[in-house]
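**Q** Residue numbers (this note's numbering), protein chains in the order written: chain A, 369 to 663; chain B, 44 to 241; chain C, 68 to 820. Below: one structure in structure tokens.
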Amino acid sequence: MVQAEVLTPATADELVAALARATPHTRLLAGGTDLVRDIRRPGHEPDVLVDLTGVREFAGVRLDGDLLRVGALTTFTELQHDPLVREHALCLALAAAQVGSVQIRNAGTVGGNVANASPCADSATALTALDAAVVSIDGAGVTRTRPIGDVLLGPNRTSLRDDEAIIEFAFPALGPEYRTAFTKVGSRTAVSVARLSAALVMRFDAVSATLADVRVALGAVGATAFRDGAVEALLEGRPADAEAARVLADGCVAAVSGSIPDRPSLPYKRHAAAGLAYDSWNALALCPPCEPAWG
Amino acid sequence: MELLLTVNGSLYEVNVHPTARLLDVLREDLGFTGTKEGCAEGECGACTVLVDGKAVASCVMLAVQARGKEIVTVEGLARDGELDLLQQKFVEYGAVQCGFCTPGMLMSAKALLLANPVPSDQDIRVALAGNLCRCTGYSAIIAAVKAASGQEATPLMELPGAAEELAAEVQTDPDTLAAAREAAEKIAGLGPAPHGEA
Amino acid sequence: MTDDLRFVGGSYPVHDVAQKVTGELVYGSDFSLPGMLHAKLVLSAVPHGIVKRIDVSRAEALPGVVKVFTCFNSPMDRFCRARIHPGQDLATHDETLFSEHVRFVGDRVAAVVASSRAVAEAGAALVEVEYEELPPLLTVEVALAREDVPIHPAGNVAYEFEVEKGARPDLDGAVVVSSSTTTPRTHHGALEPHVCIAQGFTSGGMTVWTISQGAYAARTVIAELLHLEYHRVRVVKVPMGGSFGGKTEYIVEPVVAFLAHALRRPVKLLLDREECIAATMVRPATATTIRTACSASGELLDFEAASTLDSGAYASSTPDYSIHMCKKVTKLYRLPHYHHRSRAVLTTTPVGGAARGWGAPEIAAATEIHMDRVAAALRMDPVEFRLKNLVLPHDTDLVTGLPLGDARVRECLERGAVAFDWAARRARPAGRGRYRRGVGVACGAHKNGMFGAFPEASNMALKMNEDGTFELSASLHDPGCGVVTTMKVIVAEVLGIHPDLIAAGEADTSTTPFDYGTYGSRMTYVVGACARATAEKVKTRLLAAAADLLEEPVERLHVVDGTVRVREDDERAIAYRDIALLSGMRHLPEISASLTYYAVSNPASYSVQFAEVEVDCATGLTAVTDFLAVGDVGRAINRGMCEAQFQGAVQMGIGYALYEHVDIDAAGRSGVDGFKNYHMVNAPDMPDVQVLLVEHDGDDGPFGAKSVGEIATVPTAPAVVNAVNNALDTQLSDLPLTPERVVAALAAKSGEA
């Protein structure tokens, strides 16, 4: 039977050397929570399996000037509790906290989650709202930095090449004047793939009492997570009040309708999108909690 | 490929297929069948083990990734024949029925108590969210974990072994025994017992 | 009610708990023998078709593959996976080891036997199958319409049943209410997958290690299939990780026995979760319409129902199921006239069969949702309406003509309503906000064994060892709910020694006396009664031996804590150990007895359950915020386990109401393939379940005990559904109440686009 060759690099250089060996049948292993099942299916054993988890320099979170750099091998448990993430990118910590179960969070990595490119990936929604750039390295040692929207192409499809590994996510660290939220609707309270997710990032200008740098990302309602530019434009410069909540909700509903017009799940997701929007808005705690009429 | 693994405090050398899961190596190569396979996709928690003190689903972890880490399975909980407090409480609180989820539950609970020695109900539910049980409805399990953290409710059940102690104490008074022996001799001399039919 | 019981009513862990908490217990899936081979099934990829060609050459060329068995090189004798006894009337022999006519995605086409599980899986992937496809019949409606496409030679109706009892009274001025309820196909969800190990000996006999719930019955099916005399086939029950009915039938046993016999080797087949969900057995989907008439003051006058069951690809237990769905309502409600037709229809979908409750949860869902509608039509409180119509103790079941026994369902409802603060909670308005609360109630009835419909007896043997401990020999099948412990407690009570001093194992056809198995809610009521009677017989001999040794008349003796004592003279006591020693060496070789117990009655067990829910109108998700389960159980033999059974049963029932369904897509494939998309209630979503046991120890069970394990899950789902309908002022009746269905119902109410 085919036996994969397992490479276990411990440094960036060793990683590059390992990636240089990659073929179209090579797989890159991080936490394994998605990959292990896949490579054990008959006929799916890779020729080369690169275990990334030994390259510890790509795990962990650090502040680099204005940027927050999140190592691709950081686990969800680590993200959930990391003080830098909680301070400068709370929506990512909140997203991490809602991925699967404790067991999954202890092993699963943010890099693996993005590389797997499920349309429902929770971290992708948060990273999209954070305007994250994906830093990757390839078998030639070349580092590339691209917006996450250029890496995620569709369900389980990325622009990463066979010999390319995500090593880091970088994005502007959010200062104290920013509020963020991450909300998810699953099939049950905990341990559920998202049916919809939303990540909000916005700066609240205390002087003008208005919103700025508004970012609204939606997940699980399209081929990939995406930013809802239309609703962002409508919210830009608005006061943070119940009307803004309504604008957000209407905008999210419209975005969902536009994104999955032909799906049987559309009526449900449109309806739930409003709830998602209100929950996300209320989590920002910019004004007293808002509620629409629920009919 | 050759692999050195530390499991339950001991070092083992195994020769495994590169894509062997930690679950397979524990069960088949090392004979630790306490860790169970319920779903093979990391959803049911029956395969939960501790890896460096953290609960991990061993069915979605490759054995090769366990190199250099401390693995603890359910077999590693009891010490010198003494049940871990968690195991005792699972018995006392009726938290075990078919028992298939039990090893995974114990390991998730163990990981929780290592990090959070006095957890709330909610903490316990979150810690066990990835451990499915179809028999108990979780209440007894949650109560057992709380009890193991010093937050006792009323224990329901006895630990096994109590009965043996009781039985050993049951003696026949020497005089009665002597008389009974005599009676038995008498009956033996009289032939087969009158009530000796099947 | 006697309160001087020493052991009955206490709380005991399951008998093998020490091995379970240490991971030592060897379950079927852990079982291994030297030289054991591993099998992997090749399953049909099409929902309906004829296998034209199977190419096993690539598979057999794989190093480690021993052989591939298919419909073309294996016997094609037909068997019935649900048959209890060769002599029984109702058993559809419609299944073969491998199917040439495949009838669902998941039907067995071939089995690869290899040196390891991994090689067997790799080999199975290399087997090439060519099908001539036939039209798939994926729903009951399509199957009935397409009689030109018979799934089995006799057509697409597996069974039809009708019962009509009583006389329809004058319905002038009666309030007539109709309802229609559907229940889904569900997966039993036992944590351990299906497994079987068999060893074929060169001499031709074999041993089968099974997790099925009827070892003797499995033996008859296996032996007949392999043309072996029964005495050359030994079937042993091994510890199992749950069943809930999903392992009652012989799904994997026949094929594994065949492989072991053909190869004269030990062979193990362990299914994965995907195979367990789609290719073993599901709880059958049902649809029931009910029409009732009642007086303006709320007395039920007439009950008309029609139920259709989706049998899936093979008849299995659904013929029996369809009968039993018609036998529950009259255990619960006093009705002048009852008419129920049922039909089990074959479809090219996963096989529907035995599941916890055996039709009772399905019909309770329909009935209890319906009764709430009747109460609403009468503007009566649901509890009040039910109290007007529930049976009274010692009523007769209109359908079976059997006495219902000490039926305490009214008391369960009355006491439960008080404990749950029903009136106050029901009076609270649900509101029009995003989160709406509601409460619901439902009643359920179930039986205690097969008496009245099927021969009902059990056999046991009990002996005292030389040291005063005891051995119970009985064909027990413990799915993990404490069956073995229950028997030990019963014997312990009679003999006056601690249950832990009594050994009891599980079924082994070569050594344990015949019993049918664990199903039909017969374990406590019938098998437990057998245990009591057997223990009484041994006690008689024990006392007689002690009488001789103490030189006292038997009437002056009693058993206390492992000794036989003279009444009112505690000083004169002889330990069992000494009775054994003296009797053994002197005149009695063994103090033992064997006994056949014949059941004499079949009363009903009852449960009334109350649910409080909070529905999120934005997401459609329902949280069960409070739950009370009341059980008329006669007497709890093992109190702690009895309560625990209710808690677990409620978990299953909440899943039935809100989350669980196995849907089949247009290509005949199951839409769920694992726990990632088949959601059972997990710890965060499980409410604290209060359990209230009503115990009047009437009837003929041991110490007055009645069945628990199945009745506990019967009314759960409708209690939850009724609560949701109360919260939302809707009339949802298609289970499960998924978020989509809830949102759609709300939208329909508010006239949203």
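Beta carbons are placed, not taken as given, at the ideal position from N, Cα and C, and that holds for glycine. Note that the structure is predicted; figures quoted are calculated from it, not measured.
1) Would you identify the three-state DSSP class for A/Trp649, choosing helix, strand or coil?
2) Within 8 Å, do at least three Cβ pairs link the stretch 558-565 of chain A to the stretch 574-592 of chain A?
3) So what's C/Asn532 in DSSP terms, helix, strand or just coil?
4) For the stretch 394-416 of chain A, which residues have a beta carbon sitting closer than 9 Å to at least one beta carbon of chain B?
5) Check for me: the alpha helix (DSSP H) holding C/Trp276 runs from which residue to which?
6) Taking only three categories from DSSP, how would you classify A/Asn474?
7) With the cut-off set at 9 Å, would you say C/Ala345 and C/Pro417 are in Cβ contact?
8) Under 8 Å by Cβ, that's how I've got A/Phe376 and A/Gly422 pegged, so tell me the actual separation to the nearest angstrom.
9) State yes or no: is the beta carbon of C/Ala815 nearer than 9 Å to at least one beta carbon in chain B?
10) Taking 9 Å as the threshold (C-beta atoms), are C/Val633 and C/Leu617 in contact?
11) Which chain A residues are close to C/Asp730, counting only those with a beta carbon under 8 Å from its beta carbon?
12) Could you work out which residue in C/Val739, C/Gly468 and C/Ala442 is closest to C/Lys394 when comparing CA atoms only?
13) With a threshold of 9 Å between beta-carbons, can B/Val161 be considered close to chain A, or not?
14) In whole angstroms, what separates the C-alpha of A/Glu446 from that of B/Ser163?
15) Within 10 angstroms of its Cβ, does B/Phe133 collect 16 or more other Cβ (buried), or is it exposed?
16) Within a Cβ cutoff of 8 Å, which residues of the same chain sit near A/Arg606, ignoring the five residues on either side of it in sequence?
17) Determine, for B/Glu195, whether the minimum Cβ-Cβ distance to residues of chain C falls below 9 Å.
18) Name, in chain order, the residues that DSSP records as bridge partners for C/Gln34.
19) Would B/Asn159 be called buried (16 or more neighbouring beta carbons within 10 Å of its own) or exposed?
20) Considering A/Gly517, what are the terminal residues of the alpha helix (DSSP H) in which it resides?
21) Would you decide whether C/Ala820 is buried or exposed? Buried here means 16 or more other CB atoms lie within 10 Å of its CB.
22) Name the DSSP beta bridge partners of C/His527, please?
23) Going along the chain, which residues of its own chain have a beta-carbon closer than 8 Å to the beta-carbon of C/Phe98, five neighbours each way excluded?
24) Taking buried to mean at least 16 other C-beta atoms within 10 Å of its own C-beta, is B/Gly173 buried or exposed?
25) Show which residues of chain A have a CB atom less than 8 Å away from the CB atom of B/Glu84.
26) Just to confirm the assignment, what range does the alpha helix (DSSP H) spanning C/Arg340 have?
27) Would you call the CB atoms of B/Met148 and B/Thr116 closer than 9 Å?
28) Report yes or no: do the stretch 738-747 of chain C and the stretch 82-91 of chain B share at least 3 C-beta pairs separated by less than 8 Å?
29) Rounded to the nearest angstrom, what separates C/Ile641 and B/Leu73 at their Cα positions?
30) Please determine, among C/Val558, C/Trp489, C/Leu193 and C/Ile430, the residue with the shortest C-alpha to C-alpha distance to C/Asn705.
31) The alpha helix (DSSP H) spanning C/Arg706 covers which residue range?
32) Going by C-alpha to C-alpha distance, which of C/Thr137, C/Ile117, C/Ala112 and C/Pro114 sits closest to C/Ser124?
33) CA-CA distance, A/Val575 and C/Phe487?
34) Note down, in chain order, every chain A residue with its Cβ under 7 Å from the Cβ of B/Ser17.
35) Tell me whether B/Gln165 is buried or exposed, calling it buried when 16 or more other Cβ atoms sit within 10 Å of its Cβ.
36) May I ask which residues mark the beginning and end of the beta strand (DSSP E) holding B/Asn58?
**A** Concretely, from the data shown:
1) helix
2) yes
3) coil
4) Leu397, Gly399, Gly400, Thr401, Asp402, Leu403, Val404, Arg405, Ile407, Arg408, Glu413 and Pro414
5) No alpha helix (DSSP H) holds C/Trp276; the beta strand (DSSP E) holding it covers Met273 to Thr277.
6) helix
7) yes
8) The identity of residue 376 of chain A in the sequence shown is Thr, whereas the question assumes Phe. About 5 Å; that satisfies the 8 Å criterion.
9) no
10) yes
11) By Cβ distance, chain A contributes nothing, its closest Cβ being about 12 Å from C/Asp730, past 8 Å.
12) C/Gly468
13) no
14) 21 Å
15) buried
16) Thr578, Leu579, Ala612 and Val615
17) no
18) With chain C running from 68 to 820 in the structure shown, residue 34 of chain C is simply not present.
19) exposed
20) Ile516 to Val519
21) Because the pLDDT of C/Ala820 is 42, which lies under 50, any placement of that residue in the model is unreliable, and the number read from its coordinates should be weighed accordingly. Looking at its Cβ environment, which holds fewer than 16 other Cβ atoms inside 10 Å, C/Ala820 is exposed.
22) A small correction: the amino acid at residue 527 of chain C is Met; His does not occupy that position in the sequence shown. Beta-bridge pairing links C/Met527 to C/Ala541 and C/Leu662.
23) Val262, Ile264, Trp276, Val305 and Lys335
24) buried
25) Arg405
26) Arg340 to Ala346
27) no
28) yes
29) 49 Å
30) C/Val558
31) Arg706 to Leu725
32) C/Thr137
33) 53 Å
34) No answer is possible for residue 17 of chain B: it lies beyond the span of chain B, which begins at 44 and ends at 241.
35) exposed
36) Ser53 to Asn58
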